[in-house]
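Residues are numbered in my numbering as their position in the sequence shown, beginning at 1, plus a constant of 1024.
Ideal Cβ placement from N, Cα and C applies to all residues, glycine included.
Remember, it's a predicted structure, so these values are computed and weren't measured experimentally.
Worksheet: one structure, shown below.
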Amino acid sequence: MRWTLKPKPDQETVIKLSEELGVGKPIASLLVQREITTFQDAKKFFRPSLSDLHDPYLMKDMDLAVARIEKAIASEENILVYGDYDVDGTTSVALMSSFLRCYSPFVATYIPDRYDEGYGVSYKGIDFAADNDISLIIALDCGIKAVEKVAYAKEKGIDFIICDHHRPGSEIPAAVAVLDPKREDCEYPYKELCGCGVGFKLIQALAAKRNLKLESLLPYLDLVATAIGADIVPITGENRILAYHGLHVINVAPRMGFKAILKQIKKDSITITDVVFILAPRINAAGRMKHGLHAVNLLTEEDEETAIKFASEIEEYNTDRRDTDKTITEEALAQIEASQEQDRNTTVVYHENWHKGVIGIVASRLTETYYRPTLVFTKSGEKLAASARSVKGFDVYDALESCKEHIEQFGGHKYAAGLTLLASEYENFKLKFEEVVSETIDKNLLTPEIAIDAELDLKEITPKFYRILKQFAPCGPGNMSPVFMTRNLRDTGYGKCVGADQSHLKCQVKQEGKGPVFDMIGFGLGKKLEIIAKNRVFKAVYVIDENEYNGNVSLQLRLKDICE
C-alpha cells in the first residue's frame, strides 16, 4: 500500500472557516480540502437542498425532449421506455415509466437481454417497438453511440429521445433530443450525473412544464440515490443533493420493492455503503442471472405481497450470482498463474463458458488481487465480450481507444467499460492492450494508494468531532469518508487475531502512553499482528466509526493499514 498524505490546505482559510462555523480546525481543514471555504458553502454541504438543483432546461435539447413527450401524451401515442440491464438502467426505466404512467396509460418498458441483444439499443428492441405500434422510444443510460440504430428506427417511423451520461462518439445520433451533459456542445453546469440522474432531470423538466412542485418528485429519489451509489459516480454537486434526499426516502418511505428487499435482509436504516453492497447487487442480479425486467417489475410494484414474491426471486438470483462469480474468479486466477502472467501490467483472461452476467464482478475481484487494468472475456454469440475495470488514476477507456483496430464495439467510463471483438482478434488485442498500458501508465498507479486526509492525535477524536464527521455523508468519489493517520501508537496488551480464520486484527491503543484509549479493528490485517506485538510503536491509517456491543455504542478506529 502507498500512503499519500494530502497537502495541508491554506491555514488562514482553515482558521477563518473554523471561527465562522464554530468547529475545530481538523473539521475546518477537511472542509477546505473539499473546496468548502465559506459559511454558505458549508451550509449547502451539510444541508443539501433541492432548491440548489440546476434548472433542467440548461441541458441541451431538454426543450425538444419535453415538447416531444408532451405531444406523445396529448396524441395518445404508444411510448417505449428503454434502458440498460444494470442498476442505473433498470432504476432509470422504473423512474421514467412510473412518472409517465401518471399521465398516459400507453407506456411500455423494455430491457434488452444481456445474452441475446447485449448492451445498449438493439435492433430487436426497435423491431419490438415497430411491431407494437410504438412511435416514441425514450432510451436511458444508453444510446449515445447508437447512430445506426436511431437511423434504423427513423426509417420505421419511430422517434428517439436519448438520456445518457456516457462519453459521446464522434457523431451524435440523429434523435429528436439527445440529453447528455458530456456532450461537448452541452453547457449544463454539472457533468457527473448517472443515467438515472439524467432521467430525473427530464422528469424535473416535465414537472416544471406542468407546474408541479419539485417536492412532488421526492418519491422518485430513492431510485436516483440507488443508481448514484451503484454506478460509482462522484457524490458531489447535484449527485450529493439527490443521494442525500434519496437515502432519506429509502429510510423513511421506501417504495414497496425496496421495502421487500430490506425486510428480507433485516436492515432498519440504509447508508450509501449499504446501497452499494446490499441493494445494488440484488437489483443487478436480475439482469446478470435472468432478465433486467424482473428488477423493473420489483421497483415499480405497488402491491406488498407481490413485491415480497419478486424480492424473494431476486434474492435467489443473487445467491446464484455469488456462487458463479466465486467459481469464475478462482478459474481466472488459476489461468493467470498457469500462463505465468502475474508480473504483467495488465490482466486479460478468457474462457468461452464463463457466465457473461458476472464477468464485470470477476474483473473487479481480479483487480483486488493483481492491482492493474483488467479485462475478463467470455463468448457471446459469434463474438467475444469483455468487461474492463481499471485502477485509480488510469483511464481504461482511453487505453481501449488506442486498441480500437482490434475491437468491434466499446463504450463506458474512465474506470469501467465493455467491449466486443472477433475471436480471431483476441490475442492481437491482448498484446496491444498490454503494450498500450505499459507505455502510458505511471508505475506508481500499480500499487494501491491510501489517500490520507489528515494526521490526527487521538485526543482530537471526541463525540462532537464524530457527530460532525457523520454529517459528511453520503460519502463516495469526490467526497470520500475522511481517512486519518496517527503516529506513536502502542497496543495496550490486548492485540490478537480474530475471526473464523484468524485473518482480522483487533487491538486497543493509546498514543505515547497517554490520553484516550480506542479499540481498533483491521479486517484482513491479521498477518500484521507482529508489527504491534511486544509493545512496539507503530502508526496507523484508519476511518472512525461506531461499534455497538450489548447495547453500548462506542467510537472505534477501523484500520486500513498499519506500519512500524
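Query: How should Arg1026 be labelled, buried or exposed, when 16 other C-beta atoms within 10 angstroms of its C-beta is the threshold for buried?; Result: exposed
Query: Across which residues does DSSP place Ile1162 in a beta bridge pair?; Result: Val1105, Ile1185
Query: CA-CA distance, Glu1128 and Ile1162?; Result: Sequence inspection shows Ser at residue 1128; the Glu mentioned does not correspond to that position. Answer to the nearest angstrom: the Cα atoms are 14 Å apart.
Query: Express the C-alpha separation of Ile1492 and Val1415 in angstroms, rounding to a whole number.; Result: 31 Å
Query: Using beta-carbon positions only, say whether Gly1261 and Val1300 come within less than 8 Å of one another.; Result: no
Query: For Ala1607 and Lys1551, I'd like the C-alpha separation in whole angstroms.; Result: No statement about residue 1607 is possible, as the shown extent of the chain runs from 1025 to 1588 and does not include it.
Query: Between Phe1340 and Met1280, which are expected to be in contact by the criterion C-beta below 8 Å, what is the C-beta distance as a whole number of angstroms?; Result: It should be pointed out that residue 1340 corresponds to Glu in this sequence rather than to Phe. Contact flag wrong, Cβ pair sits at about 19 Å.
Query: Can you list, in chain order, the residues of its chain whose CB lies under 7 Å from that of Val1461, leaving out five sequence neighbours each side?; Result: Asn1369, Thr1370, Pro1397, Ala1423
Query: Is it true that the CB of Ile1556 sits closer than 8 Å to the CB of Tyr1490?; Result: no
Query: Considering only the alpha carbon of each residue, which of Pro1197, Ile1274, Asp1155 lies closest to Ala1175?; Result: Pro1197
Query: Spatial neighbours of Val1320 within its chain, please: CB distance less than 6 Å, with the 5 preceding and 5 following residues excluded, ordered by chain position.; Result: Thr1114, Val1117, Ala1118, Thr1133
Query: Sorted by chain position, which residues of the same chain lie with C-beta nearer than 7 Å to Val1273's C-beta, five sequence neighbours on each side aside?; Result: Leu1242, Pro1243, Leu1245, Asp1246
Query: For the candidate residues Ile1186, Phe1123, Ser1121, Lys1180, whose alpha-carbon lies nearest to that of Val1145?; Result: Ile1186
Query: So, with DSSP's three-state summary, where would you put Cys1220?; Result: helix
Query: Which runs of the beta strand (DSSP E) fall wholly inside the segment 1539-1568 and span at least 3 residues, in chain order?; Result: none
Query: What would DSSP say about His1528, mapped onto helix, strand or coil?; Result: strand
Query: By DSSP, does Lys1416 sit in helix, in strand, or in coil?; Result: coil
Query: Could you say which of Glu1484, Pro1501, Gln1364 lies nearest to Ile1296 if we only look at CA atoms?; Result: Pro1501
Query: Taking Lys1324 as the reference, give the member of Pro1278, Asp1419, Asn1156 with the closest Cα.; Result: Going by the sequence as given, residue 1324 is Thr instead of Lys. The shortest Cα separation from Thr1324 among Pro1278, Asp1419, Asn1156 belongs to Pro1278.
Query: Identify every run of the beta strand (DSSP E) within the segment 1052-1111, keeping only runs that are complete inside it and at least 3 residues long; order them along the chain.; Result: 1102-1107
Query: Starting from Phe1301, follow the alpha helix (DSSP H) in both directions and report where the run begins and ends.; Result: Element bounds for Phe1301: n/a, residue is neither H nor E.
Query: Return helix, strand or coil for Thr1444, following the three-state DSSP convention.; Result: strand
Query: Can you give me the C-alpha to C-alpha distance between Arg1058 and Val1565, rounded to a whole angstrom?; Result: 20 Å
Query: Quick check: Glu1383 and Thr1402, are their CB atoms within less than 8 Å of each other?; Result: Checking the sequence shown, residue 1383 turns out to be Ile, not Glu. For Ile1383 and Thr1402, yes; Cβs fall inside 8 Å.
Query: Of all the options Asn1574, Leu1074, Glu1043, which has the alpha carbon lying nearest to the alpha carbon of Thr1061?; Result: Glu1043
Query: His1269 and Val1222 - do their beta-carbons sit closer together than 8 Å?; Result: no
Query: Looking at the secondary structure, which residues open and close the alpha helix (DSSP H) in which Lys1148 lies?; Result: 1147-1155
Query: How long is the line joining the alpha carbons of Phe1453 and Leu1322, rounded to whole angstroms?; Result: 40 Å
Query: At the level of alpha carbons, what is the spacing between Leu1045 and Gln1228?; Result: 33 Å
Query: Buried or exposed for Gly1052, please, with buried defined as at least 16 other CB atoms from any protein chain shown within 10 angstroms of its CB.; Result: For clarity, residue 1052 is Ala in the given sequence; the question names Gly instead. Buried, because 16 or more other Cβ atoms sit within 10 Å of the Cβ of Ala1052.
Query: When the Cα atoms are used, what is the spatial distance from Asp1110 to Cys1587?; Result: 40 Å
Query: Would you mind reading off the limits of the alpha helix (DSSP H) that contains Arg1514?; Result: Taken as a continuous stretch (DSSP letters only), Arg1514 belongs to no alpha helix (DSSP H), being part of the beta strand (DSSP E) at 1508-1515.
Query: Which residue comes first and which comes last in the beta strand (DSSP E) that contains Gln1580?; Result: 1576-1587
Query: Are Leu1469 and Phe1418 close, meaning C-beta to C-beta below 8 Å?; Result: yes
Query: For the pair the segment 1506-1521 and the segment 1531-1539, tell me if three or more CB-CB distances fall below 8 Å.; Result: yes
Query: Does the distance from the CB of Gly1436 to the CB of Tyr1421 come in under 8 Å?; Result: yes
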